[in-house]
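A.B. asks: Here it is, the structure in full.
In the working numbering, the protein residues as written are 50 to 285.
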């Protein structure tokens, strides 16, 4: 028998979901699904407009049995906004009847069922050597040290570190570092920093290379994201 689960959507700002497998970054063109019983915690950055929708067991069974992040279609976004918001809590606005709400929840579940899972995950390393590398780069995302340089700092060969990144995290060191930098960039943009300052703080030599990397991963430009305009539903 399926229990209900919940969807968390940040209409503005950045949602970060911490689960056992690592950190998921959920900007406003994605929505996070958490089934009942999953161990997790949330953190929000910037001026966040958080929306939470609970799915009853009959609809939760349509969703994955594990925490997931989906691309949010325009329709799914509008349904999420329609089902939530201040007017549903303070009684000042017209609400939906039970049957109308049930229909909207069904539409939302069907939309997400058809949407691709597209997590922006930053896997958390378990190996002590990878954890040491992660600490250095979390403290200073703009650190330009090569894998060999980082290996010398922590006492591991670049070949060993490269093998660990691929074997444990499923990506190269440079792919992982780019994900980490984009994560920090999302937080800085949500806190109001401009594109140029964010690019330099996160290790890009110039704004244009930052814009290209950010857009490829998030699916919208840093300027558009910072302005709070609805991002494209099609991330990369």
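We treat Cβ as the ideally placed atom computed from N, Cα and C, and that holds for glycine.
Using C-beta distances below 7 Å, list every residue in its chain close to residue 203, excluding the 5 sequence neighbours before and after it, in chain order.
C.D. replies: 178, 181, 182
A.B. asks: Give me the Cα-Cα distance between residue 226 and residue 109, rounded to the nearest whole angstrom.
C.D. replies: 35 Å
A.B. asks: What do you reckon, are the CB atoms on residue 128 and residue 111 nearer than 8 Å?
C.D. replies: no
A.B. asks: Is the Cβ-Cβ distance between residue 73 and residue 118 less than 8 Å?
C.D. replies: yes
A.B. asks: With a cut-off of 8 Å, do at least 3 Cβ pairs link the stretch 261-277 to the stretch 233-250?
C.D. replies: Short answer: they touch.
A.B. asks: Terminal residues of the continuous alpha helix (DSSP H) containing residue 263?
C.D. replies: Run containing residue 263: 256-267, per the alpha helix (DSSP H) assignment.
A.B. asks: Mind checking residue 162: buried by the 16 CB within 10 Å criterion, or exposed?
C.D. replies: exposed
A.B. asks: Would you call the stretch 58-65 and the stretch 94-101 in contact, with 3 or more CB pairs under 8 Å?
C.D. replies: yes
A.B. asks: Going by beta carbon distance, what residues of the same chain come within less than 7 Å of residue 196, once the five residues before and after it are set aside?
C.D. replies: 207, 210, 211, 222
A.B. asks: Within 8 Å (strictly less), CB to CB, does residue 196 reach chain D?
C.D. replies: Here chain D cannot be found, since the structure has a single protein chain.
A.B. asks: Go to residue 271, then tell me how far its alpha helix (DSSP H) extends in each direction, as first and last residue.
C.D. replies: 271-275
A.B. asks: Using a threshold of 8 Å, state whether the C-beta atoms of residue 229 and residue 190 are closer than that.
C.D. replies: yes
A.B. asks: Could you tell me if residue 255 is buried or exposed, where buried requires 16 or more neighbouring beta carbons within 10 angstroms of its beta carbon?
C.D. replies: exposed
A.B. asks: Is the beta carbon of residue 54 closer than 8 Å to that of residue 104?
C.D. replies: yes
A.B. asks: Helix, strand or coil: which one does DSSP assign to residue 223?
C.D. replies: Residue state, collapsed to three classes: helix.
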